[in-house]
Amino acid sequence: FRQVFEGLQFMHKKHVAHRDCMKLNIMVDAEILYDEPFHPLRPKKKRDLSGFASRRTRTERPPKYFLIDFGISRRYDASTKDPLEDPIWGGDQTVPEFQHSDEPRNPFPTDVYYLGNMIREDFMTGKVGFDFMAGLVNDMVQDDPSRRPTMDEVVARFEGIRKTLSRSKLRSRVISKDESKFDGVFRSIAHWTRRIWFVMRRIPPVPVL
Numbered sequence: 001f002r003q004v005f006e007g008l009q010f011m012h013k014k015h016v017a018h019r020d021c022m023k024l025n026i027m028v029d030a031e032i033l034y035d036e037p038f039h040p041l042r043p044k045k046k047r048d049l050s051g052f053a054s055r056r057t058r059t060e061r062p063p064k065y066f067l068i069d070f071g072i073s074r075r076y077d078a079s080t081k082d083p084l085e086d087p088i089w090g091g092d093q094t095v096p097e098f099q100h101s102d103e104p105r106n107p108f109p110t111d112v113y114y115l116g117n118m119i120r121e122d123f124m125t126g127k128v129g130f131d132f133m134a135g136l137v138n139d140m141v142q143d144d145p146s147r148r149p150t151m152d153e154v155v156a157r158f159e160g161i162r163k164t165l166s167r168s169k170l171r172s173r174v175i176s177k178d179e180s181k182f183d184g185v186f187r188s189i190a191h192w193t194r195r196i197w198f199v200m201r202r203i204p205p206v207p208v209l
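Going by full-length UniProt numbering, the sequence shown opens with residue 1, and the numbers climb by one from there.
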């Protein structure tokens, strides 16, 4: 979350609106997670498909995330405080201000909505353990764009939220709501084995990039 928030914050400080920062336009450079090259279409396999590719966790080797696809992005003059653009549909078709009106809108609050909705749909809806993001995400996806926080405010609030989380919470595993009991037991054993190993090696729960 932090990398993506800070990436969009940087763009906004440079007066650039992404205008399509939904989940398919957020990529990870996973090379650092693997001890040897992996197959691009079957990432669990080695590049030559000769076996499974050995990989590490993102706690051990924190990767970098990137915003991509700037085809409809727009840079504005610094003197333009409230730029207006005609609605343009990107990958996320749920933007409230685009639903019933074609009038020009400020694209910066729409960017905020895109990220908030990505977290809501991909992390909070189908998974357990992200309730701590509810307040911030609810503000980011408000129907009224003028009531959404700026990316500066999002970054500041997220940092405040992170500081309230215990080390135990930060080390907890992500659980899918449809996870079976069998899978839950298997994954919990693997998770706690890694978790104890990380504590012994003093690997911080939040990676330092």
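Don't be surprised by glycine CBs; every beta carbon is placed ideally from N, CA and C.
### Query
Which residues mark the beginning and the end of the beta strand (DSSP E) in which Y65 is found?
Its beta strand (DSSP E) spans residues 64-67.
### Task
Determine the DSSP secondary structure at A17, reduced to helix, strand or coil.
A17 carries a strand assignment under DSSP once its states are collapsed to helix, strand and coil.
### Task
Compare the beta carbon distance of V141 and G116 with 9 Å and say whether it is the shorter of the two.
Against a cut-off of 9 Å, the Cβ pair of G116 and V141 comes out as a contact.
### Task
Inspect the beta-carbon positions of D82 and H12 and report whether they are closer than 9 Å.
No, they are not a contact pair.
### Message
Taking the alpha carbon of L153 as the reference point, which residue from P43, P109, R74 has its own alpha carbon closest?
### Response
It should be pointed out that residue 153 corresponds to Glu in this sequence rather than to Leu. It is P109 whose Cα lies nearest to the Cα of E153.
### Query
Which partner residues does K127 have in the DSSP bridge list?
K127 is bridged to S176.
### Pair within 9 Å by beta-carbon distance, Q9 and M151
When the beta-carbon positions are compared, Q9 and M151 come within less than 9 Å of each other.
### Task
Could you check what DSSP says for E85 in three-state terms: helix, strand or coil?
In the displayed model, E85 falls within a strand according to three-state DSSP.
### Query
Leaving out the 5 sequence neighbours to the left and right, which residues in its chain are closer than 7 Å to K44 when beta-carbon positions are compared?
Excluding sequence positions up to five before and after K44, its CB lies within less than 7 Å of the CB of F52, A53, all in the same chain and listed in chain order.
### Query
Quick one, which of I68, I119, E97 has its alpha-carbon nearest E85's?
The residue with the shortest Cα to Cα distance from E85 is E97.
### Task
Give, in chain order, every unbroken run of the alpha helix (DSSP H) that is at least 4 residues long and sits entirely within the stretch 107-164.
The stretch 107-164 contains these whole alpha helix (DSSP H) runs: 107-119, 134-140, 151-164.
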